[in-house]
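*Asks:*
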Amino acid sequence: MTVDLQINNSASPRARYLTWAPSPCRIRLTDPSGASTPVVNVTLTGRSGATAGSVVFRKTATGSSSTSLSLQLPIDGASVPFFVLGRFGQPSVSDGDVDIEVRDGTTVIGRLPAMVRIRKNANTLTPAERDRFLSAFAQLNDQGHGRFVDFRNMHTNAGSPQAHGAPGFLPWHRAYLLDLERELQAIDSSVALPYWRFDQAAPNLFTPDFMGVSDQFGTVSFNANNPLQFWVTDGVPGINRRPFFDAATDSASGITEAQTLALGNRYASFEDMEGNPHGFAHTSFGGFISSIPTAARDPLFFLLHANVDRLWAKWQRRFDRFDSTVAASFDSNPSNPIGHNLPDTMWPWNGITGPPRPPTAPGGGLANSPSVKAPGPQPRVQDCLDYQGRIDAAAQLGFDYDDVQLS
Amino acid sequence: MSKARNKKRGKRAKPKRASAVKMSSSAAVTVATNARKPVKERIAAMANVTQAVCEKDNKFQALLKVLRNMNEPIRVRLAALQALQAASFAVVQFESRRADYLATLRAVATDADPELRQRVLGLLAREKDGFAQQRLLEGLQQPGKALLPPEKALQLLSYDIHADAYPVARMIVKSPPNEEAKREALRLLAADASSKPLFERILNDKEETKENRQLSASALQAIAPEAMQTHARELLLDPKEYDDIQATSLTALTQFGTAAKVEKDEELLKRVASLKSAGSNKLKRGARRFLTKYGS
Chain D
1 MTVDLQINNS
11 ASPRARYLTW
21 APSPCRIRLT
31 DPSGASTPVV
41 NVTLTGRSGA
51 TAGSVVFRKT
61 ATGSSSTSLS
71 LQLPIDGASV
81 PFFVLGRFGQ
91 PSVSDGDVDI
101 EVRDGTTVIG
111 RLPAMVRIRK
121 NANTLTPAER
131 DRFLSAFAQL
141 NDQGHGRFVD
151 FRNMHTNAGS
161 PQAHGAPGFL
171 PWHRAYLLDL
181 ERELQAIDSS
191 VALPYWRFDQ
201 AAPNLFTPDF
211 MGVSDQFGTV
221 SFNANNPLQF
231 WVTDGVPGIN
241 RRPFFDAATD
251 SASGITEAQT
261 LALGNRYASF
271 EDMEGNPHGF
281 AHTSFGGFIS
291 SIPTAARDPL
301 FFLLHANVDR
311 LWAKWQRRFD
321 RFDSTVAASF
331 DSNPSNPIGH
341 NLPDTMWPWN
351 GITGPPRPPT
361 APGGGLANSP
371 SVKAPGPQPR
381 VQDCLDYQGR
391 IDAAAQLGFD
401 YDDVQLS
Chain U
408 MSKARNKKRG
418 KRAKPKRASA
428 VKMSSSAAVT
438 VATNARKPVK
448 ERIAAMANVT
458 QAVCEKDNKF
468 QALLKVLRNM
478 NEPIRVRLAA
488 LQALQAASFA
498 VVQFESRRAD
508 YLATLRAVAT
518 DADPELRQRV
528 LGLLAREKDG
538 FAQQRLLEGL
548 QQPGKALLPP
558 EKALQLLSYD
568 IHADAYPVAR
578 MIVKSPPNEE
588 AKREALRLLA
598 ADASSKPLFE
608 RILNDKEETK
618 ENRQLSASAL
628 QAIAPEAMQT
638 HARELLLDPK
648 EYDDIQATSL
658 TALTQFGTAA
668 KVEKDEELLK
678 RVASLKSAGS
688 NKLKRGARRF
698 LTKYGS
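Chains as they are written, first to last, in my numbering: chain D, 1 to 407; chain U, 408 to 703.
(1) Can you confirm whether Gly235 (chain D), when its beta carbon is compared against all beta carbons of chain C, has any partner nearer than 7 Å?
(2) Considering Thr437 (chain U), what are the terminal residues of the alpha helix (DSSP H) in which it resides?
(3) Mind pulling the chain U residues with CB within less than 8 Å of Pro337 (chain D)?
(4) In its own chain, which residues sit with a C-beta less than 7 Å from the C-beta of Thr283 (chain D), not counting the 5 before and 5 after it?
(5) On a Cα-Cα basis, can you pick out the residue from U:Gln636, U:Glu462, U:Leu530 and U:Asn441 that is closest to Thr511 (chain U)?
(6) CA-CA distance, Thr325 (chain D) and Asp209 (chain D)?
(7) In angstroms, rounded to a whole number, what distance separates the CA positions of Arg321 (chain D) and Ser329 (chain D)?
(8) Could one say the Cβ of Ile481 (chain U) lies closer than 7 Å to chain D's Cβ atoms, at least one of them?
(9) Report the rounded CA-to-CA distance for Val98 (chain D) versus Pro127 (chain D), giving the unit in angstroms.
(10) What span of residues does the alpha helix (DSSP H) with Asp507 (chain U) cover, start to end?
(11) What number of angstroms, rounded off, separates the C-alpha of Arg526 (chain U) from the C-alpha of Glu558 (chain U)?
(12) Can you find the residues in the same chain that come closer than 7 Å, C-beta to C-beta, to Gln628 (chain U), ignoring five residues on each side of it along the sequence?
(13) When you compare each of U:Ser432, U:Val483 and U:Glu545 to Ala494 (chain U) by their alpha carbons, which one comes out closest?
(14) Within 7 Å of any Cβ in chain D, is that where the Cβ of Gly529 (chain U) sits?
(15) Could you spell out where the beta strand (DSSP E) holding Cys25 (chain D) opens and where it closes?
(16) Label Lys689 (chain U) either buried or exposed according to how many other C-beta atoms from any shown protein chain fall within 10 Å of its C-beta, with 16 as the threshold for buried.
(17) So Ala598 (chain U) packs on Gly235 (chain D), CB below 8 Å; how close in whole Å?
(18) Taking the straight line between their C-alpha atoms, what separation do you get for Val679 (chain U) and His569 (chain U)?
(19) So what's Glu558 (chain U) in DSSP terms, helix, strand or just coil?
(20) Step through the CB atoms of chain U and report whether any lies within less than 7 Å of the CB of Glu181 (chain D).
(21) Using CA coordinates, which residue listed in D:Thr67, D:Arg147, D:Arg119 and D:Thr45 is at the minimum distance from Glu101 (chain D)?
(22) Find the residues of chain U that neighbour Ile292 (chain D), judging by a C-beta separation of less than 8 Å, and give them in chain order.
(23) Evaluate contact between the stretch 377-386 of chain D and the stretch 342-352 of chain D, counting only Cβ atoms and requiring at least three cross-stretch pairs below 8 Å.
(24) Between which two residues does the alpha helix (DSSP H) carrying Met635 (chain U) extend?
(25) Look at the Cβ atom of Leu596 (chain U), then the Cβ atom of Leu564 (chain U), and state whether they are nearer than 7 Å.
(26) Would a check of beta-carbon distances place Asn204 (chain D) closer than 7 Å to chain U?
(27) Going along chain D, which residues have a C-beta under 7 Å from Ala576 (chain U)?
(28) Output yes or no for whether 7 Å exceeds the beta carbon distance between Ile609 (chain U) and Glu618 (chain U).
(29) Use the C-beta contact count for Gly364 (chain D): other C-beta atoms within 10 angstroms, 16 or more gives buried, fewer gives exposed.
(30) Return no unless some Cβ of chain U is closer than 7 Å to the Cβ of Val262 (chain D).
(31) For Ser369 (chain D), list the residues DSSP reports as bridge partners.
(32) What are the boundary residues of the beta strand (DSSP E) that Arg58 (chain D) is part of?
(33) Residues of chain U with CB closer than 7 Å to the CB of Asn240 (chain D), please, in chain order.
(34) Between Asn141 (chain D) and chain U, is any beta-carbon pair separated by less than 7 Å?
(35) Nearest CA to the CA of Ala497 (chain U): which residue from D:Gly159, D:Pro113 and D:Gly34?
(36) Put Gln229 (chain D) into one of helix, strand or coil per three-state DSSP.
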C-alpha cells in the first residue's frame, strides 16, 4: 500500500516548506493493495529530532491542531485534504528535518520530509543556518553582477518616496524583503531571512563569520571562509559600516520593542516607528546603512528591516490588525501619496514609471513562491497586511517570525 | 511622522494618543536645544525629536542651530546630527527641509571636531555631494588641506566612482602614507577594469599584507572572474601559500566556480581533499564546503 502526499498542494519538493500558518495539503492512496474496505484508515504524525522542526495537523484551516491526524482514504484514489502547521516554538534548523509520516496501523506507508522555515533572530542562528544564509546572499550578489543589483537599485533616492515617509512604508518594505527572501530561496530553499533585534546586543552577529567587524574607519572585514568578503556593490568591493555603539556588547540607539509596541493601537500611531526606532537603528552607524541612497548596499540593512517588519507583525498580532477593511489596520487617507493607499499597486513591482512614479522600475515583478500564491507579481499595499492568511487563507505570504504566533 | 503627514495634507486630526506623542516630541526639542539643561538629558531628548523636526520648521531650525554651534558640547551636536539624519528617512516630510539640512552639513564639514567632520563628510559623500568630493580630493592632493585622514577620504570618495579619484588613488598605491590608505585606494580602484594587472600582481605577491591580497581577490573576482578562478586554483595548489589566502581561494571557488569545470579537475579535488584532513581549521572548514559542493 502506498500514498501520494502533497504539501501546499504541490508535488514539488520546493513546496515542502511550512510556517506557523496552516498549509493546505492532500493525500491519496496510489496503491490500495491489501485494503479490504472502501476506505483505509491512516494516521499522520510528525517525526523529528529534539532540536529539529515540529509540526501539527488540522482537518480544516481553522480550529484546533493536534500532533497526529486520522484520515480515511478512499481506495479509488480520491484526494483527502488536510492542513499542516509548524508547531510554534519549534522551527526547523535544517532542510527536511521533520518527516510527515503516514501509517496504516503500525506500518509506515508514506513519508515526506518538510521544513518549518521561519525567520529567526540572527543572533541565535546555528553556524549552519548562518552559513547557508551568507552563501545564498553572496550568490545573489554574485560579485556585484547578480540579481541583487535590482534590490540595490530599488532603494535609492529616486524610489524613496514610494517606500518612505508615508503609510506605505511598512507594506513596501514587507514586499521588498519577501522578494529578496524568495530570491534567496531560489538559490537555497532552506534559507529564511534572519532579523537583527537592534534593541538588544547581538554579539554573534557582528563577527568576522557573519556580518563582519568594523575598523575605526568603518571598513568591514570578514574571515577567509565568509563569502561576504566577495561582496560588491556599485562596482566597489566591501562594506562600510561604523557603529556608534559597541556592537559586541550594546544595542543600537532608539526605543525598545516594548516602547515601539506601545506607540498606539492604531496604525496611524504605530507608523511613527519609521522615525524611531527604524531611523535611529539606521543612524546608529556611519557608512552605507546610515543614508537612504546607500543603505541597501549593506547586507545588514535587510536584517534591520526584517526586525522592523517583525515589530509590525507583533503589533498586528497584539491589536488584531490584519484586516485591511478595519480602519485601525492602516492609515488610509485620500491624500496619501500614490503607492501609499491600500488599493495602490506598489512600485517597482508594478512596472509603472514616470511621474509621480520614479523614472525606472528595476527588477520586474515580485518573485513567486512554490509554497504560496500571494501576493502575486504586482502586489498592492493591502496584500501585505494579512501575511499569515488569518482573514483570507489565500493571502498567506509564506513567512513567519520565531516569536510571533499565529493566534 | 504621521502627524506631520496629516498636517501637510490638511486632513483629519490624529487620535489622542498621537497628539500626546506630538507634544512630547515638541517638548523634546525644547529640552534638546536648551543649553542650560544637563548634557545627558539633552541627548536623551534627542531620541524623541524626529516628529517635531518634520512638523515644525522652527523646531528643525533650532536643531540645525545646535549642530552648527561650536560652543555646544560635541556629544550634543553629534546627537543632533543623528536625530536629523533619522528624520531625513521620512523623505516626503523632510523634502522641504533637505536644502537647509545639506547646507548645514556643508557648513560643519570643516568643523574643528574630527568626529563630527568625519560623520558629516560621510553623509555628504553618500549623497554624492560635489562640495564634499572636492574637499576630499583637495585633501588627498594637498595633505595640508585635508579634512580627514587619507584612508577615510578615499573610502568616502568610493561612494561615487565618477569622482575623478582614480589618479590620486593610483598615486597612493604607489606611495602610500600608511597601509590603510593603500587598502582603501585599492578598494576604490576595484571599480576600474583597467586595474586588473595591479590586482593580479598584489594577489600573487606573498610580501603583500593579507588584507590587500584578499581585497585583490575580491576585486579580481568582480572585474575578471575567470582570471580569479585560475589564480584561486594556483594559489590552492601552492604548498607554500598562506592559509588565509588559500581559504579565500577556496571560498572563491566554492561560491563562484563552475561545477562542470571544477568537478573534472582531479588535481584540485585531490588537493582540497588533503586540506580537509590535514589543513588548519579554517582550511578544513573551507575544504568541507568545497567538497560538499563539488566532491563525491
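C-beta: ideal position from N, C-alpha, C; glycine also.
*Replies:* Short version:
(1) Among the protein chains in the structure shown, which are D and U, there is no chain C.
(2) Per DSSP, Thr437 (chain U) belongs to the alpha helix (DSSP H) from Lys423 to Ala439.
(3) Proximity of chain U to Pro337 (chain D) at the Cβ level (cut-off 8 Å) is accounted for by Val499, in chain order.
(4) Here Thr283 (chain D) has Ser290 as same chain residues with Cβ atoms under 7 Å from its own Cβ, once five neighbours each way along the sequence are excluded.
(5) Taking only the C-alpha atoms, the option nearest Thr511 (chain U) is U:Leu530.
(6) So the two alpha carbons sit approximately 45 Å from each other.
(7) If I take the Cα positions, the gap works out to 5 Å.
(8) The beta carbon of Ile481 (chain U) sits no closer than 7 Å to any beta carbon of chain D.
(9) For Val98 (chain D) and Pro127 (chain D), the distance between alpha carbons rounds to 19 Å.
(10) Per DSSP, Asp507 (chain U) belongs to the alpha helix (DSSP H) from Arg505 to Val515.
(11) Spanning the two alpha carbons is a distance of roughly 14 Å.
(12) Around Gln628 (chain U): Met635, Ala659 and Phe663.
(13) The residue with the shortest Cα to Cα distance from Ala494 (chain U) is U:Ser432.
(14) At a cut-off of 7 Å between beta-carbon atoms, Gly529 (chain U) makes contact with chain D.
(15) Per DSSP, the continuous beta strand (DSSP E) segment holding Cys25 (chain D) begins and ends at Ser23 to Asp31.
(16) Around the beta carbon of Lys689 (chain U), a 10 Å sphere encloses 16 or more other beta carbons of the protein chains shown; the residue is thus reported as buried.
(17) About 4 Å separates the two Cβ atoms, so the contact holds.
(18) Approximately 41 Å between the Cα atoms of the pair.
(19) Glu558 (chain U) falls in the helix class under three-state DSSP.
(20) It does not; no Cβ of chain U falls within 7 Å.
(21) Cα-wise, what sits closest to Glu101 (chain D) is D:Thr45.
(22) Against chain U, the beta carbon of Ile292 (chain D) has neighbours under 8 Å at Ser495, Phe496 and Val498, listed in chain order.
(23) Of all C-beta pairs linking the stretch 377-386 of chain D to the stretch 342-352 of chain D, three or more are shorter than 8 Å, placing the two stretches in contact.
(24) Following the DSSP letters along the chain, one finds Met635 (chain U) inside the alpha helix (DSSP H) bounded by residues Pro632 to Leu644.
(25) No, these two residues do not count as a Cβ contact at 7 Å.
(26) Cβ-Cβ to chain U under 7 Å: no for Asn204 (chain D).
(27) Under the 7 Å cutoff, chain D gives no residues; its nearest Cβ is about 11 Å from Ala576 (chain U).
(28) No; because the gap between Cβ atoms is not below 7 Å, this pair is not in contact.
(29) Flag for Gly364 (chain D) reads exposed.
(30) Looking at the sequence shown, residue 262 (chain D) is not Val but Ala. Not one chain U Cβ lies under 7 Å of Ala262 (chain D).
(31) Beta-bridge pairing links Ser369 (chain D) to no other residue.
(32) Val55 to Arg58 is the extent of the beta strand (DSSP E) around Arg58 (chain D).
(33) By Cβ distance, chain U contributes Gln562.
(34) False, the Cβ-Cβ gap to chain U never drops below 7 Å.
(35) The shortest Cα separation from Ala497 (chain U) among D:Gly159, D:Pro113 and D:Gly34 belongs to D:Gly159.
(36) In this structure, Gln229 (chain D) counts as helix in the three-state DSSP scheme.
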